[in-house]
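Q: Residue numbers (this note's numbering): 489 to 1054.
(1) Please confirm whether residue 695 and residue 885 have their CB atoms less than 8 Å apart.
(2) From the DSSP secondary-structure annotation, give me the bridge partner or partners of residue 782.
(3) Whose C-beta lies closer than 7 Å to the C-beta of residue 623 among residues of the same chain, with five residues either side of it excluded?
(4) List the residues that DSSP assigns as beta-bridge partners of residue 994.
(5) Starting from residue 768, follow its DSSP beta bridges and name the residues at the other end.
(6) By the 10 Å Cβ neighbour count, where 16 or more other Cβ atoms means buried, how is residue 1053 classified, buried or exposed?
(7) Count the other CB atoms within 10 Å of the CB of residue 430; is the residue buried (16 or more) or exposed (fewer)?
(8) Per DSSP, what are the beta-bridge partners of residue 741 in this structure?
(9) Rounded to the nearest angstrom, what separates residue 628 and residue 771 at their Cα positions?
(10) With burial defined as no fewer than 16 other Cβ atoms inside 10 Å of the residue's Cβ, what is the status of residue 823: buried or exposed?
(11) Please report the distance separating the alpha-carbon of residue 1114 from that of residue 819.
(12) Can you tell me whether residue 931 is helix, strand or coil according to DSSP?
(13) Using alpha carbons as the reference points, say which of 1000, 991 and 780 lies closest to residue 701.
(14) Could you tell me which of 957, 1011 and 721 sits nearest to residue 936, measuring between CA atoms?
(15) My output table needs one value for residue 912: the three-state DSSP class, helix, strand or coil.
(16) Using the Cα positions of residue 922 and residue 1043, report the straight-line distance between them to the nearest angstrom.
(17) Does DSSP put residue 651 in a helix, in a strand, or in coil?
(18) Taking the alpha-carbon positions, what's the residue 852 to residue 649 distance?
(19) Per DSSP, what kind of secondary structure is residue 957 in: helix, strand or coil?
(20) Which value, in whole angstroms, describes the spacing of the CA atoms of residue 942 and residue 680?
(21) Taking residue 684 as the reference, give the member of 929, 1008, 727 and 634 with the closest Cα.
(22) Would you please state the rounded distance, in angstroms, between the beta carbons of residue 992 and residue 892? I believe it to be under 8 Å.
(23) Hey, out of 848, 933, 1026 and 746, whose CA is closest to residue 803's CA?
(24) Can you tell me whether residue 1037 is helix, strand or coil according to DSSP?
(25) Give the range of the alpha helix (DSSP H) segment to which residue 874 is assigned.
(26) From residue 698 to residue 787, what does the alpha carbon distance come to, in whole angstroms?
(27) On the three-state DSSP scale, how would you describe residue 846?
(28) For a test of the three-state rule: what should DSSP assign to residue 612, helix, strand or coil?
(29) State whether the segment 947-957 contacts the segment 827-834, with contact taken as three or more CB pairs (one from each stretch) at a distance under 8 Å.
(30) Under the rule that 16 or more other beta-carbon atoms within 10 Å means buried, what is residue 813, buried or exposed?
(31) According to DSSP, is residue 713 helix, strand or coil?
(32) Would you decide whether residue 592 is buried or exposed? Buried here means 16 or more other CB atoms lie within 10 Å of its CB.
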């Protein structure tokens, strides 16, 4: 459609209303460009000397006369009168500005409009790649809460079986608070049961459960940290199975896509736990003498989101590993295997050793709790048994536990020592010491068999001196983690300062990492020089359970081959 600067037939029109002769387009006049005479140098000089319009065309007398004839009609239609150059100039300026605006928004010929394109590694992701890990992360948190509810129900069942005449658990808590404040609250309402499971579930992220008190502008805080690993295990299992189920038929093209999906699930898990825990904080207002005591029970802490983010990341990445279509290992994986042979398989002997020990020791501790302390202690084992098994694992490997603060008075320690071993007085009976050490030795032998099956064996590994240090270093890191994961502690302090308060702690000793480093060296020696003599004579089921699945061993072989070729 011709613009306002052109006539009806497409001729150019200058701003003063004078039409100019249009330059014919190539290929239209005479059905070809060959019929047009070629311009000479004289024609070019004449064209430069002649007065031109704004569009570069030379005005003619015919065009001027036609324009004068058409001017009254334009004036009648509401345009400027003849000779009124002010309105004509304004109209031309408006047309020019509209043309410039349309040119600024239009795309140049041959140029594609700008569209956002994701990185090449993530270009294959579809909406399903985003909502599947998000649902898996939410399922992980729901699994944590359900595991906590199950542990609470079993504890209440134990109290009912024991026939405790002092009343239910909430009644006992009411009596304790009433003794302190003079007025017993009612904790049997729905608010109590809708709040406590979420706060206890948050303790699976190694955050303390805190009680914050405030009366007449003054108060204090107290907290206890008892990791709830059963609830955490339920969350991991739920996230893993949901991610595996929903990702059926989903193609994960690259490892980058796999880890991005896992990160999405971890973020959802951590954020959901943080929000729900903050919303379900238990608040109570108690009348205490002439004041009001305000109590808050909460497990919101800075580590809640961070710990669950890492847990969700690793859990969902493990579930999506089978969906990955990237056959070749990445450069980071190959580089790690080349520098530290067997580093990708080092978790196998560690998991085998702890599993063998935990199954037997956990069963023994459960029986001991039922026999010595009754049904309440036995049915509440889901709250305390995982940490107790970890402590016994550390003690059976000849390390120690250290008590700090007020916990020293409850450990029956002699002298000024704050550390106690498996054979220390008051720890366990003598016959239990022998059984625990024997069980630890059996678990070490199982770990050696597993390591003998999965560790790489070729000329490249034989020439690499770091191959001897991979397993001991893994056990050294395990010792550091156990010092953090098996820490049970508590504190009570005035508001704003823990210096004016008291606390307690019970955790593995600081030298546990060095003790486990030595055990890693022992397992390495057994796997190289002792286990090969009898590992082929073990039952097929035992061998298959210790060395892992064929799929995992096949992936390890591919990585080892790629590292050897490099």
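C-beta: ideal position from N, C-alpha, C; glycine also.
A: Concretely, from the data shown:
(1) Taking the chain shown and counting its residues from 1, one reaches residue 695 at position 207. Taking the chain shown and counting its residues from 1, one reaches residue 885 at position 397. For residue 695 and residue 885, no; Cβs fall outside 8 Å.
(2) Stepping through the chain shown from its first residue, residue 782 is reached at position 294. Per DSSP, 702 and 773.
(3) For the purposes of this step, residue 623 is identified with residue 135 of the chain shown, where counting begins at 1. 730 and 734, listed in sequence order.
(4) For the purposes of this step, residue 994 is taken as residue 506 along the chain shown, with counting starting at 1. Answer is 891 and 976, bridged to residue 994.
(5) Within the chain shown, the letter at position 280 stands for residue 768. Answer is none; residue 768 lacks a bridge partner.
(6) Taking the chain shown and counting its residues from 1, one reaches residue 1053 at position 565. Result: exposed.
(7) This structure gives no information on residue 430, because the portion of the chain shown stretches from 489 to 1054.
(8) Counted from its first residue, the chain shown places residue 741 at position 253. Residue 741 is not bridged to any residue.
(9) In the chain shown, counting from the first residue as 1, residue 628 sits at position 140. In the chain shown, counting from the first residue as 1, residue 771 sits at position 283. In a straight line, the C-alpha of residue 628 is about 27 Å away from that of residue 771.
(10) Mapped onto the chain shown, residue 823 falls at position 335. Exposed is the call here.
(11) Because the chain here runs from 489 to 1054, residue 1114 falls outside it and cannot be looked at.
(12) As a working mapping, residue 931 is identified with position 443 in the chain shown. Correct three-state label for residue 931: helix.
(13) In the chain shown, the residue the question calls residue 701 occupies position 213. The shortest C-alpha separation from residue 701 is found at 780.
(14) Against the chain shown, residue 936 aligns to sequence position 448. Looking at the Cα atoms, 1011 is the closest of the given residues.
(15) As a position in the chain shown, residue 912 is number 424, starting the count at 1. Here residue 912 sits in coil by DSSP.
(16) Residue 922 sits at position 434 when you count from the first residue of the chain shown. Residue 1043 sits at position 555 when you count from the first residue of the chain shown. The alpha-carbon atoms of residue 922 and residue 1043 are separated by roughly 40 Å.
(17) Sequence index remark: in the chain shown, residue 651 carries index 163 (1-based). Residue 651: coil per DSSP, three-state reduction.
(18) As a position in the chain shown, residue 852 is number 364, starting the count at 1. As a position in the chain shown, residue 649 is number 161, starting the count at 1. Roughly 21 Å between the two C-alpha positions.
(19) Counting from one through the chain shown, the residue named residue 957 turns up at place 469. It is coil, neither helix nor strand.
(20) Taking the first residue of the chain shown as 1, we reach residue 942 at position 454. Taking the first residue of the chain shown as 1, we reach residue 680 at position 192. Looking at the two C-alpha atoms, the distance is approximately 50 Å.
(21) Reading the chain shown from its first residue, position 196 is the one you call residue 684. Per the Cα distances, 634.
(22) Walking along the chain shown from the start, residue 992 turns up at place 504. Walking along the chain shown from the start, residue 892 turns up at place 404. That pair is a contact at about 7 Å.
(23) By 1-based counting over the chain shown, the position of residue 803 is 315. Here the closest residue by C-alpha is 746.
(24) Here the question's residue 1037 lines up with position 549 in the chain shown. Looking at residue 1037 - three-state DSSP - the assignment turns out to be coil, as it is neither helix nor strand.
(25) Taking the first residue of the chain shown as position 1, residue 874 is located at position 386. Note, residue 874: alpha helix (DSSP H), 869-884.
(26) As a position in the chain shown, residue 698 is number 210, starting the count at 1. As a position in the chain shown, residue 787 is number 299, starting the count at 1. Between residue 698 and residue 787, the C-alpha separation is close to 6 Å.
(27) Walking along the chain shown from the start, residue 846 turns up at place 358. Here residue 846 sits in helix by DSSP.
(28) Residue 612 sits at position 124 when you count from the first residue of the chain shown. Note: residue 612 maps to coil in three-state DSSP.
(29) yes
(30) Counted from its first residue, the chain shown places residue 813 at position 325. Under this definition residue 813 is an exposed residue.
(31) Here the question's residue 713 lines up with position 225 in the chain shown. Residue 713: strand per DSSP, three-state reduction.
(32) Here the question's residue 592 lines up with position 104 in the chain shown. Annotation note: pLDDT 44 at residue 592 (below 50); position unreliable, coordinate value reported separately. Exposed is the call here.
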